[in-house]
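The sequence shown begins at 202 in the numbering used here and counts up by one. Quick reminder that beta carbons are idealized off the backbone N, C-alpha and C, glycines included. Please read all numbers here as calculations on a predicted model, not as lab measurements.
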Amino acid sequence: MRATLENSRLLFIHLQKSTKYYSKKYYGAIHNWIINNWPSIKARLLLYFRLTRLDKPIGALLLMWPTLWALWLAAEGIPSIHILMVFVLGVFLTRSAGCIANDMADYDFDSKVQRTKTRPLTSNEIRKKEALLVAMILLLLAFALVLT
202 MRATLENSRL
212 LFIHLQKSTK
222 YYSKKYYGAI
232 HNWIINNWPS
242 IKARLLLYFR
252 LTRLDKPIGA
262 LLLMWPTLWA
272 LWLAAEGIPS
282 IHILMVFVLG
292 VFLTRSAGCI
302 ANDMADYDFD
312 SKVQRTKTRP
322 LTSNEIRKKE
332 ALLVAMILLL
342 LAFALVLT
């Protein structure tokens, strides 16, 4: 019995040391990379924020009104918090993907309009393939929400 306890203690100490080693080695490297590249990461995230029009939430809020109304009617009262969160997140995800699709469709036209020529896709701050990838990820997330 004593040997088993000693072996367990030694195994625990080994696991503890190896976890600290790997955390410092790998997660420390990831953390350092993020810290060192934070200005460019932050700038990229802000471009995605603008690409998905999250800086102008009025469109999503306008879509939210009929969505919440329909949920209230379908549930005959207040829907469950899970259903409510699925639809609220779904509105933001699909609206953001729709904004990207709109930017891609109006790419040539938007570059000639004063109001839209500074959008990330039109000003070539984000490539079309990258924007398409972001839109696909948003749509896949929305689809995954429906499956929950």
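Assigned secondary structure, residue i (DSSP; H/G/I helix, E/B strand, else coil)
| i | result |
| --- | --- |
| I327 | coil |
| V287 | helix |
| M202 | Reliability of the predicted coordinates at M202 is poor, the pLDDT of 49 falling under 50, and the value obtained from them is presented with this limitation in mind. Three-state result, M202: coil. |
| R320 | coil |
| N238 | coil |
| K257 | coil |
| I301 | helix |
Euclidean distance between Cα positions of residue i and residue j
| i | j | result |
| --- | --- | --- |
| L263 | S312 | 26 Å |
| V335 | A298 | 8 Å |
| L342 | F288 | 12 Å |
| N325 | P267 | 35 Å |
| Q315 | T323 | 11 Å |
Residue of the options minimising C-alpha distance to residue i
| i | options | result |
| --- | --- | --- |
| I259 | F288, V292 and I284 | V292 |
| L348 | I284, I301 and A271 | I284 |
| M337 | E326, D307 and C300 | C300 |
| L290 | L255, G278, L274 and A276 | L255 |
Residue i burial status per 10 Å Cβ neighbour count (16 or more: buried)
| i | result |
| --- | --- |
| D304 | buried |
| L339 | buried |
| L246 | exposed |
| R320 | buried |
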